[in-house]
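Numbered by my numbering, the letters in the sequence shown go through residues -1 to 299 in order. Cβ atoms here follow ideal geometry from the backbone N, Cα and C, with glycine treated the same way. Accompanying notes for the structure given below.
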Amino acid sequence: MAPLIQSKRTRAEAALQRLEATEGGPFTVVDQADVAAFHFDLPAAALRIDPRLELDADRHGDAPQDSERESARAVARVLAYTVVRVRSGLEGRMTERAGSPWVGRTIFEIGLCVRHAGEPGVLLLAQVCPEALEGAVGDRRFGKPVRFGTTSLQFDASRGTLDCGVALPGSKSFMDRPRLALAGQVSDEPRQEGETTGEEFLLERYTNFTVERGLLRLERCWRSPTAALPVAMRGEESQAALVDVLGIAPAAAAEVTLVGGYVLPGVSECRIGRPRCMQGPACATRWPIEVRQATRAEKDD
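So this is what it looks like as structure tokens:
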């Protein structure tokens, strides 16, 4: 497969082209009330990812990671959004899903910034859905690492405040659950030239990669362009849920640092393609679990 490399200024166009040409267009279109994205920096040595994917910590565009610091670091992205409208269908014939159980729900996605054959994306480690959705999701997870917990996202445009958080199941007591709490003041000041690198790096990732029992999948999407507002974080942020999802050792957890975040007010259209397997003929083979585990162990050796 030829590498997909494009300049920062054309990432959105390239993502839309991939979705239309490769996926045949979106399978689902979702409107989101607000989208919040947060950037965490952590040591790459604390992580272990699929060798078919490459960690991407280069915030300066598509240049090779040639500095020692960039190669030693990794970036975790937390994306939170509230669904307000759902449409789905085939061949561009979209049907309104007014009764969809996803409407009105806040979803959290936690993943690592990666690349595959030059295509920037996120290795999805957890898609945290409200516990009320557990019955609706059932077994239809399409390889996604779905977890159920308590989620919240509140953006007050008049006051310029953003508060969001997620709590993962951990015990019977809510306060004992691994939690992630984020809050900040949203800036409406125009950005100066050269200050959008972090925004582009964090937000212009239109592909989710997932690895389930060794099976590599991707799901492409495209969001209609909207202004991203920087968020100045405040206070001590709880990161227990992030550390839990990353699965890193307590010693490395102390090195996870919150870099910053952005909010996209009212994303009117997010086009989502079908999850696709990326392993050719292997995708049609129902391998037993023990064979997949043995294959991974052999690769590790």
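CA-to-CA distance, residue j to residue i, given in whole angstroms
{"i": "Ser266", "j": "Thr26", "result": "13 Å"}
{"i": "Pro62", "j": "Ala10", "result": "Confidence is the limiting factor: at Pro62 the pLDDT is only 48, short of 50, which leaves the residue's position unreliable, though a coordinate-based value still follows. Between Pro62 and Ala10, the C-alpha separation is close to 20 Å."}
{"i": "Leu160", "j": "Gly278", "result": "43 Å"}
{"i": "Ala251", "j": "Val257", "result": "15 Å"}
{"i": "Pro167", "j": "Val126", "result": "10 Å"}
{"i": "Thr293", "j": "Leu244", "result": "Low confidence applies to Thr293: its pLDDT is 42, below 50, so where it sits in the model is not reliable enough to give any reading."}
{"i": "Gln183", "j": "Thr148", "result": "23 Å"}
{"i": "Ile47", "j": "Phe36", "result": "21 Å"}
{"i": "Thr20", "j": "Ala165", "result": "36 Å"}
{"i": "Leu151", "j": "Pro128", "result": "12 Å"}
{"i": "Ser98", "j": "Gln30", "result": "14 Å"}
{"i": "Gln15", "j": "Ala249", "result": "43 Å"}
{"i": "Val73", "j": "Ile246", "result": "14 Å"}
{"i": "Ala181", "j": "Ser236", "result": "10 Å"}
{"i": "Leu45", "j": "Val76", "result": "16 Å"}
Bounding residues of the beta strand (DSSP E) (the contiguous stretch that carries residue i)
{"i": "Leu262", "result": "255 to 270"}
{"i": "Ala35", "result": "26 to 41"}
{"i": "Pro248", "result": "Per DSSP, Pro248 belongs to no beta strand (DSSP E); it is in the alpha helix (DSSP H), 248 to 251."}
Proximity of residue i and residue j at Cβ, strictly below 8 Å
{"i": "Pro302", "j": "Arg215", "result": "Residue numbering for the chain in the displayed model covers -1 to 299; residue 302 lies beyond these limits and cannot be assessed."}
{"i": "Gly102", "j": "Val81", "result": "yes"}
{"i": "Leu123", "j": "Gly141", "result": "no"}
{"i": "Ala78", "j": "Phe38", "result": "no"}
{"i": "Pro263", "j": "Phe153", "result": "yes"}
{"i": "Val84", "j": "Cys268", "result": "no"}
Residue interval of the alpha helix (DSSP H) (run including residue i)
{"i": "Arg16", "result": "9 to 19"}
{"i": "Val241", "result": "238 to 244"}
{"i": "Pro228", "result": "Segment 227 to 231 is the beta strand (DSSP E) holding Pro228; no alpha helix (DSSP H) there."}
Residue i (DSSP reduced to helix, strand or coil)
{"i": "Gly133", "result": "helix"}
{"i": "Gly196", "result": "helix"}
{"i": "Asp303", "result": "Outside the displayed range of the chain (-1 to 299) lies residue 303, so it cannot be described from this structure."}
{"i": "Gly182", "result": "strand"}
{"i": "Ala165", "result": "strand"}
{"i": "Leu53", "result": "strand"}
{"i": "Leu201", "result": "helix"}
{"i": "Ala155", "result": "coil"}
{"i": "Ala70", "result": "helix"}
{"i": "Ala96", "result": "coil"}
Contact the region 200 to 219 vs the region 101 to 117: 3+ CB pairs below 8 Å: Here the region 200 to 219 lies against the region 101 to 117, with 3 or more beta-carbon pairs under 8 Å apart.
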